[in-house]
Amino acid sequence: YLVLRLADGGHAALTNTCAANALGRVHTDDYAGGDRAAAEAGFAVAGAALRLPAEEVARRMLEAATEVLADLVTAVSAQHQLTRPMMIAVGGGAGALGRVLAEALGLECTIPPGAEVISSIGDALSLVRVERERTVSRPSTADVDALIAEVEAEALAAGAAPGSLQVQVSTISDRGALRAVALGALALGSGIVPGRPELDGHQIAGIARDEIDSAEVTPVGRYWLVMNPASGRVLLFDRFGDAVLSVRGEALLIRGPTNGELTARLAPALARHIRHVGPVTVAPTAWVVQGSRVREMTDHQAIAPTIGDGHAAVIVGQE
């Protein structure tokens, strides 16, 4: 942006929309339409300071913005395998920069009614996030379940698609609190849920390779578990490839009814990851990954009852 100091002491910013107006690139009926003479005058002042013609300053501003956005549009089109994309421009400057960008890319550009407010609504509604904390010194399984149910219900009431929900539960030791965060994508009437595409195991392995080599990638519920026993690293990614946990430890996979097997495997795993810092013994943390939920378990005795008979993973170690 360029900022002008006005004679009355105020300030005015020269934006991409101003540049498009100064160059006559905005349709007269667009929301982005403004006073072309005023825009030209502003760029004339900026041009004098930059020793460039006013039109050249405006052109370079639009060109710089277009180059950045063109790279983004091209990348998104390739990621979603769009062969004949059409640009739908929203926001107050849609009729300015949107049209210029579409022309540069050789795309058809549509500006829907109410475009000037659609981008703000989309930012607010495309993702639903609910976070709650409860002060519980020694949370029980019932406390955890109740808090999870609360954030899930609130996220669904806000419009999140049930199949998109992810819930993470953690303890905040210094405050004696339990925190649950539910995140989901908005369920639109059209059936299209905004956001990035879900990744497969090969793509997750590629992301994990930046941190650990020769990793084993296993789906667990709505997550991807990545393990490298040789290095003692365990990573947990959500379905979009964002890291949820990075732990030095190990993971136990549970593929059905435990019948006491989990308890027999869990005790040695917990013992292997106890740390001694001088006279202080630091117990490892355990997380249960099951379905759409990741629970941090402070009560290790509650892990087996929490899992029940379902497919899950127990991650043991230190973050």
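48 is the number of the first residue of the sequence shown in the numbering used here; add one for each residue after it. We treat Cβ as the ideally placed atom computed from N, Cα and C, and that holds for glycine. A quick note: this is a predicted structure, and the numbers were derived from the prediction, not measured.
Would DSSP call residue i helix, strand or coil?
{"i": "G236", "result": "Per-residue confidence for G236 stands at a pLDDT of 43, beneath the threshold of 50, marking its modelled position as unreliable; the derived number appears in the next sentence. Correct three-state label for G236: coil."}
{"i": "S178", "result": "Note that residue 178 corresponds to Glu in the displayed sequence, not to Ser. It is a strand residue."}
{"i": "A54", "result": "coil"}
{"i": "E258", "result": "coil"}
{"i": "P276", "result": "coil"}
{"i": "R83", "result": "helix"}
{"i": "E297", "result": "strand"}
{"i": "R72", "result": "coil"}
{"i": "L292", "result": "strand"}
{"i": "R218", "result": "Reading the sequence as shown, one finds Thr at residue 218 and not Arg. In this structure, T218 counts as strand in the three-state DSSP scheme."}
{"i": "G20", "result": "Any property of residue 20 remains undetermined from this structure, which presents the chain solely from 48 to 366."}
{"i": "E245", "result": "coil"}
{"i": "R98", "result": "coil"}
{"i": "M185", "result": "What sits at residue 185 in the sequence shown is Arg, not Met. It is coil, neither helix nor strand."}
{"i": "T332", "result": "strand"}
{"i": "A60", "result": "strand"}
{"i": "T345", "result": "coil"}
{"i": "V316", "result": "It should be noted that the sequence gives Ala, not Val, for residue 316. Residue state, collapsed to three classes: helix."}
{"i": "A359", "result": "strand"}
{"i": "T353", "result": "helix"}
{"i": "A207", "result": "strand"}
For the candidate residues the options, whose alpha-carbon lies nearest to that of residue i?
{"i": "G231", "options": "R312, Q213, G303", "result": "Q213"}
{"i": "A79", "options": "G89, G94, N63, A93", "result": "N63"}
{"i": "M274", "options": "R295, E178, A202", "result": "R295"}
{"i": "V336", "options": "T75, R146, C65, R302", "result": "R302"}
{"i": "V341", "options": "V361, V327, P326", "result": "V361"}
{"i": "L119", "options": "G253, D285, A149", "result": "A149"}
{"i": "S293", "options": "I259, A93, T121", "result": "I259"}
{"i": "L229", "options": "Q215, A93, L109", "result": "Note that residue 229 is Ala in the sequence shown, not Leu. The shortest Cα separation from A229 among Q215, A93, L109 belongs to Q215."}
{"i": "D356", "options": "Q365, D346, G338", "result": "G338"}
{"i": "D247", "options": "D257, R256, P266", "result": "P266"}
{"i": "S220", "options": "I251, A207, V183, A189", "result": "V183"}
{"i": "V177", "options": "M134, V137, A125, A227", "result": "A227"}
{"i": "M108", "options": "L203, A117, C65, D192", "result": "C65"}
{"i": "A204", "options": "E343, V175, T188, R181", "result": "V175"}
{"i": "H127", "options": "E87, V104, L70, E245", "result": "E245"}
{"i": "A105", "options": "T188, A69, L154", "result": "A69"}
{"i": "D82", "options": "G71, D257, A96", "result": "G71"}
{"i": "L51", "options": "V73, A88, H74", "result": "A88"}
{"i": "I354", "options": "G268, A141, I321", "result": "G268"}
{"i": "A95", "options": "A359, G288, L49", "result": "L49"}
{"i": "P276", "options": "L299, D285, A122, D257", "result": "L299"}
{"i": "A207", "options": "L233, T130, A252, Q250", "result": "L233"}
{"i": "H358", "options": "P100, V191, L272", "result": "L272"}
Any idea which residues DSSP pairs residue i with across the strands?
{"i": "D285", "result": "Y270"}
{"i": "G231", "result": "V175"}
{"i": "V327", "result": "V324"}
{"i": "R340", "result": "V214, Q337"}
{"i": "T310", "result": "Partner(s): none; T310 has no beta bridge."}
{"i": "A224", "result": "T182, I219"}
{"i": "E263", "result": "M274"}
{"i": "L49", "result": "L61"}
My assumption, with CB atoms under 8 Å, is that residue i sits in contact with residue j. Please give the rounded CB distance.
{"i": "V281", "j": "E297", "result": "6 Å"}
{"i": "A351", "j": "L283", "result": "Contact flag wrong, Cβ pair sits at about 20 Å."}
{"i": "T113", "j": "A151", "result": "5 Å"}
{"i": "A60", "j": "L53", "result": "A60 to L53, Cβ: 11 Å. No contact."}
{"i": "V363", "j": "A316", "result": "5 Å"}
{"i": "E197", "j": "R179", "result": "6 Å"}
{"i": "I135", "j": "P159", "result": "6 Å"}
{"i": "A372", "j": "M344", "result": "Outside the displayed range of the chain (48 to 366) lies residue 372, so it cannot be described from this structure."}
{"i": "R181", "j": "A224", "result": "7 Å"}
{"i": "M133", "j": "L154", "result": "6 Å"}
{"i": "G138", "j": "E163", "result": "7 Å"}
{"i": "G288", "j": "I251", "result": "6 Å"}
{"i": "T218", "j": "A349", "result": "No, T218 and A349 are not in contact; Cβ-Cβ is about 12 Å, not under 8 Å."}
{"i": "A91", "j": "A101", "result": "4 Å"}
{"i": "A67", "j": "V147", "result": "6 Å"}
Task: Complete runs of the beta strand (DSSP E) confined to the segment 103-170 [at least 3 residues] - done: Correct list: empty.
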